[in-house]
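Using UniProt numbering, you'd call the opening residue of the sequence shown number 1 and step up by one each time.
Note that CB positions come from ideal geometry on N, CA and C, so glycine has one too.
Everything numeric in this text was worked out from a predicted model, so none of it was measured.
This report concerns only the one structure given below.
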Amino acid sequence: MVSIRRLGAINRTYRHLTRYRQILRILFKYGFHDLVDYLHLDHYLETGLQMISRKPREQIFRYSRPERLRMGLEELGPTFIKLGQLLSTRPDFAPPDYLDELRKLQDNVPPFSYEEVQQIFQEDQGKDPTEIFTDFAVTPLAAASIGQVHLARISSDSLKSTTRSPKNQKASKRDVVVKVQRPGLESIIEVDLEILLRSPP
Numbered sequence: 001m002v003s004i005r006r007l008g009a010i011n012r013t014y015r016h017l018t019r020y021r022q023i024l025r026i027l028f029k030y031g032f033h034d035l036v037d038y039l040h041l042d043h044y045l046e047t048g049l050q051m052i053s054r055k056p057r058e059q060i061f062r063y064s065r066p067e068r069l070r071m072g073l074e075e076l077g078p079t080f081i082k083l084g085q086l087l088s089t090r091p092d093f094a095p096p097d098y099l100d101e102l103r104k105l106q107d108n109v110p111p112f113s114y115e116e117v118q119q120i121f122q123e124d125q126g127k128d129p130t131e132i133f134t135d136f137a138v139t140p141l142a143a144a145s146i147g148q149v150h151l152a153r154i155s156s157d158s159l160k161s162t163t164r165s166p167k168n169q170k171a172s173k174r175d176v177v178v179k180v181q182r183p184g185l186e187s188i189i190e191v192d193l194e195i196l197l198r199s200p201p
């Protein structure tokens, strides 16, 4: 019989390999094959590495290397965006052109789609945002590495269950800001931290 501990180790290994492939694919996509070779990242994918194209699209080189680094960190997700944000505050560690580009990660993170917002609401609340709020903005007000915020409007009737309102209070609507966590955030950060903290072989 395979022990529960063994099954857990197999599951972590599979998650790590899947994420390693994603990381390598994105690094190659943005022209950082030299970084992969320097850090020996391909060691973790001795089998199946041939399935990942090492050749970036030619148009990617229209962008500078700092721009490509910022774009790659954005695509890698919240853990790496946070890392880029941290690096943007370290002039002792990164050259000025990299610092300027990484600072864009502080307030210029791409949002995720409204379809994903709807799916998150369905999973957490069992309802669409429009079933909870009288109005819900499809386009987010702002986006960050952890989540994004949407403007919405909620009726006072919906608030009565959570607030003590006078019985004679007239029905009204209140503008609110709703923060939605990025999909799969916890599992992505967990795997990324396991990878980053893993001792080299």
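Next item on the list: Give the straight-line distance between the Cα atoms of Arg57 and Leu196, rounded to the nearest whole angstrom.
Entry: Translated into positions along the sequence shown, residue 57 becomes position 57. Translated into positions along the sequence shown, residue 196 becomes position 196. Taking the straight line joining both Cα atoms gives about 27 Å.
Check: Is DSSP giving Gly84 helix, strand or coil here?
Finding: As a first step, residue 84 is located in the sequence shown; it is residue number 84 there, counting from the start. Three-state DSSP puts Gly84 in a helix.
Notebook entry, point to check: Residue range of the alpha helix (DSSP H) that Gln148 falls in?
Noted result: Sequence index remark: in the sequence shown, residue 148 carries index 148 (1-based). No alpha helix (DSSP H) holds Gln148; the beta strand (DSSP E) holding it covers 147–155.
Next item on the list: Label Gln59 either buried or exposed according to how many other C-beta atoms from any shown protein chain fall within 10 Å of its C-beta, with 16 as the threshold for buried.
Entry: Residue numbering aside, residue 59 sits at position 59 when the sequence shown is read from its first letter. With fewer than 16 Cβ atoms within 10 Å of its Cβ, Gln59 is classed as exposed.
Item checked: Cα-Cα separation between Lys173 and Ile154, rounded to whole angstroms -> Translated into positions along the sequence shown, residue 173 becomes position 173. Translated into positions along the sequence shown, residue 154 becomes position 154. The straight-line gap from Cα to Cα measures roughly 6 Å.
Notebook entry, point to check: Can Asp92 and Pro66 be called in contact, C-beta distance under 8 Å?
Noted result: Counting from one through the sequence shown, the residue named residue 92 turns up at place 92. Counting from one through the sequence shown, the residue named residue 66 turns up at place 66. It is not a contact, given that the beta carbons lie outside the stated cut-off.
Check: Can you tell which of Lys179, Glu75, Lys82 has the C-alpha that lies nearest to the C-alpha of Ala142?
Finding: Residue mapping note: residue 142 aligns to position 142 of the sequence shown, counting from 1. For the residues Lys179, Glu75, Lys82, the minimum Cα distance to Ala142 belongs to Lys179.
Check: Exposed or buried, Gly48, counting other C-beta atoms within 10 Å across all chains shown (16 or more means buried)?
Finding: In the sequence shown, the residue the question calls residue 48 occupies position 48. For Gly48, the pLDDT reaches just 48, beneath the cut-off of 50, and the residue's location in the model is therefore unreliable, although a value from the coordinates is still provided. Flag for Gly48 reads exposed.
Next item on the list: From the DSSP output, in three-state form, read off Lys127 for me.
Entry: Within the sequence shown, numbered from 1, the residue matching residue 127 stands at position 127. The answer is coil: DSSP assigns Lys127 none of H, G, I, E or B.
Margin query: Counting C-beta neighbours from all protein chains within 10 Å, is the total for Gly126 16 or more, i.e. buried, or is it exposed?
Written below: As a first step, residue 126 is located in the sequence shown; it is residue number 126 there, counting from the start. Gly126 should be labelled exposed.
Checklist line | 8 Å Cβ cutoff met for Leu27 and Leu35 | finding: As a working mapping, residue 27 is identified with position 27 in the sequence shown. As a working mapping, residue 35 is identified with position 35 in the sequence shown. In this structure, Leu35 lies closer than 8 Å to Leu27 by Cβ.
Margin query: By alpha-carbon positions, which one of Ala94, Ser64, Leu105, Arg68 ends up nearest to Ile81?
Written below: On the sequence shown, position 81 is the one that residue 81 refers to. Out of Ala94, Ser64, Leu105, Arg68, Leu105 has the C-alpha closest to the C-alpha of Ile81.
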